[in-house]
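> Numbering (UniProt numbering), first residue to last: 1 to 295. Yeah, the Cβ is synthetic: ideal placement off N, Cα and C, and Gly gets one too. Attaching a single structure in structure tokens format; questions to follow.
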């Protein structure tokens, strides 16, 4: 059962890995926040309309906080980082999320520190770095701060999602819808102030936005939040490494961005980190033999 849930949850970061190709090849340039807005808000409203379920009580505040961290704050900072840094540097900063989640699990979830999670989290960052970092990598301070802040926001959002869980009787579709709608509503004024009027949308751009909103928004976040509430949070976080790896593979296949021996080594290391992140090391202890004696 865990293998099935993990496999389904992994589809979310794999779909998110297509964002770079869709954005660069299908969408009008210069409007990344508009793309983020269309990924979040329509998907959230559709989910709420389908389930006809709204938050109650304190869940209004909790859903707003999670939506801000996981979507409303994370996406703008992600795009700022992507605009000011080479894609490889931005992706490597994002790959630090499993490390941050492992640390937050100690303070927020009161879990014992795990050298296993921290070690493989660091290995995952190194693997992604080997895949996507190139000699042209530049380190703009604003881009670095934005990338780390965005990664930290989503890491905290993932950890709080695990701590608060889902309210009784609320399914993953409604739960994802609350967060997508909250994050999308926050992005409306941010997008208007930063980018102004929406761009002209042709048929190709419409398909791209549709992909971002439905598979990349509604479906992916339903699977992602379902996985967070079902699986260990560190196991889910390390699945996020699949996103830059899929982006690199699509770049190689569709954009003729060749992968050399170093990149292939990075793929192997990142895959090993993803697999190891789903496992829990078991210490082997020898139990003393009990000898029965008749007295």
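Could you say which of 97, 63, 55, 131 lies nearest to residue 261 if we only look at CA atoms?
Ranking the options by Cα distance to residue 261, first place goes to 131.
> Drop a sphere of 10 angstroms on the beta-carbon of residue 16, count the other beta-carbons inside from all chains shown, and report buried for 16 or more, exposed for fewer.
By the neighbour-count rule (16 or more Cβ atoms within 10 Å), residue 16 is buried.
> Residue 177 lies in the alpha helix (DSSP H); which residues open and close that run?
Taken as a continuous stretch (DSSP letters only), the alpha helix (DSSP H) holding residue 177 covers 172 to 195.
> When the Cα atoms are used, what is the spatial distance from residue 274 to residue 243?
Their Cα atoms are separated by approximately 12 angstroms.
> Is the Cβ-Cβ distance between residue 233 and residue 106 less than 8 angstroms?
No, these two residues do not count as a Cβ contact at 8 angstroms.
> Let me know the secondary structure DSSP gives residue 265 once reduced to three states.
Here residue 265 sits in helix by DSSP.
> What residues in its chain sit with their C-beta under 6 angstroms from that of residue 75, if we drop five residues either side in the sequence?
36, listed in sequence order.
> Per DSSP, what kind of secondary structure is residue 163 in: helix, strand or coil?
Residue 163 falls in the helix class under three-state DSSP.
> Tell whether a beta-carbon distance below 8 angstroms holds between residue 207 and residue 14.
Cβ atoms of residue 207 and residue 14: not closer than 8 angstroms.
> Give, in chain order, every unbroken run of the beta strand (DSSP E) that is at least 3 residues long and sits entirely within the UniProt domain "EamA" (10 to 132).
As far as the UniProt domain "EamA" (10 to 132) is concerned, it has no whole beta strand (DSSP E) run of at least 3 residues.
> For residue 283 and residue 115, what's the separation of their Cα atoms in angstroms?
Here the model assigns residue 283 a pLDDT of 41, short of 50, so the residue's position is not dependable, and the following value carries that caveat. Near 13 angstroms, if we compare the C-alpha coordinates of residue 115 and residue 283.
> Hey, residue 95 and residue 128 are a contact pair by Cβ (cut 8 angstroms); roughly how many whole angstroms apart?
Indeed they touch by this definition, with Cβ atoms about 4 angstroms apart.
> With a cut-off of 8 angstroms, do at least 3 Cβ pairs link the stretch 35 to 51 to the stretch 167 to 182?
The stretch 35 to 51, when compared against the stretch 167 to 182, does touch it at the 8 angstroms Cβ threshold.
> How far does the alpha helix (DSSP H) with residue 245 in it reach, from first residue to last?
It spans 242 to 254 - the alpha helix (DSSP H) in which residue 245 sits, taken as one unbroken run.
> Tell me the rounded alpha-carbon separation between residue 249 and residue 186.
Roughly 33 angstroms between the two C-alpha positions.
> Which whole-angstrom value is the C-beta distance of residue 151 and residue 97, which I expect to be below 8 angstroms?
Contact flag correct, Cβ pair sits at about 5 angstroms.
> DSSP on residue 230, reduced to helix/strand/coil?
If DSSP states are grouped into helix, strand and coil, residue 230 belongs with the helices.
> Can you tell me which of 241, 81, 42, 194 puts its alpha carbon nearest to the alpha carbon of residue 212?
Among 241, 81, 42, 194, the Cα nearest to that of residue 212 is on 42.
> Below 8 angstroms between beta carbons: does that hold for residue 21 and residue 227?
No. Outside cutoff.
> Relative to the alpha-carbon of residue 45, which residue among 181, 59, 108 has its alpha-carbon at the smallest distance?
Of the listed residues, the one whose Cα sits closest to residue 45 is 181.
> If I follow the unbroken alpha helix (DSSP H) through residue 210, where does it start and stop?
Start and end: 203 to 213.
> State buried or exposed for residue 230, treating a residue as buried only when at least 16 other CB atoms are found within 10 Å of its CB.
Flag for residue 230 reads buried.
> Determine, using beta carbons only, whether residue 179 and residue 99 come nearer to each other than 8 angstroms.
Against a cut-off of 8 angstroms, the Cβ pair of residue 99 and residue 179 comes out as no contact.
> Short check: CB of residue 47 to CB of residue 218, under 8 angstroms?
A contact, by the Cβ cut-off of 8 angstroms.
> Mark residue 165 as exposed unless 16 or more other C-beta atoms lie within 10 angstroms of its C-beta, in which case mark it buried.
Looking at its Cβ environment, which holds fewer than 16 other Cβ atoms inside 10 Å, residue 165 is exposed.
> Classify residue 39 as buried or exposed, calling it buried when 16 or more other Cβ atoms lie within 10 Å of its own Cβ.
By the 10 Å Cβ count, residue 39 comes out buried.
> Taking the beta carbon of residue 1 as the centre, do at least 16 other beta carbons fall within 10 Å, making it buried, or is it exposed?
Exposed, by the Cβ-count rule.
> From the DSSP output, in three-state form, read off residue 1 for me.
If DSSP states are grouped into helix, strand and coil, residue 1 belongs with coil.
> Using three-state DSSP, classify residue 198 as helix, strand or coil.
Three-state DSSP puts residue 198 in coil, outside helix and strand.
> Look up residue 280 in the DSSP assignment and say whether it is helix, strand or coil.
Coil at residue 280, not helix or strand.
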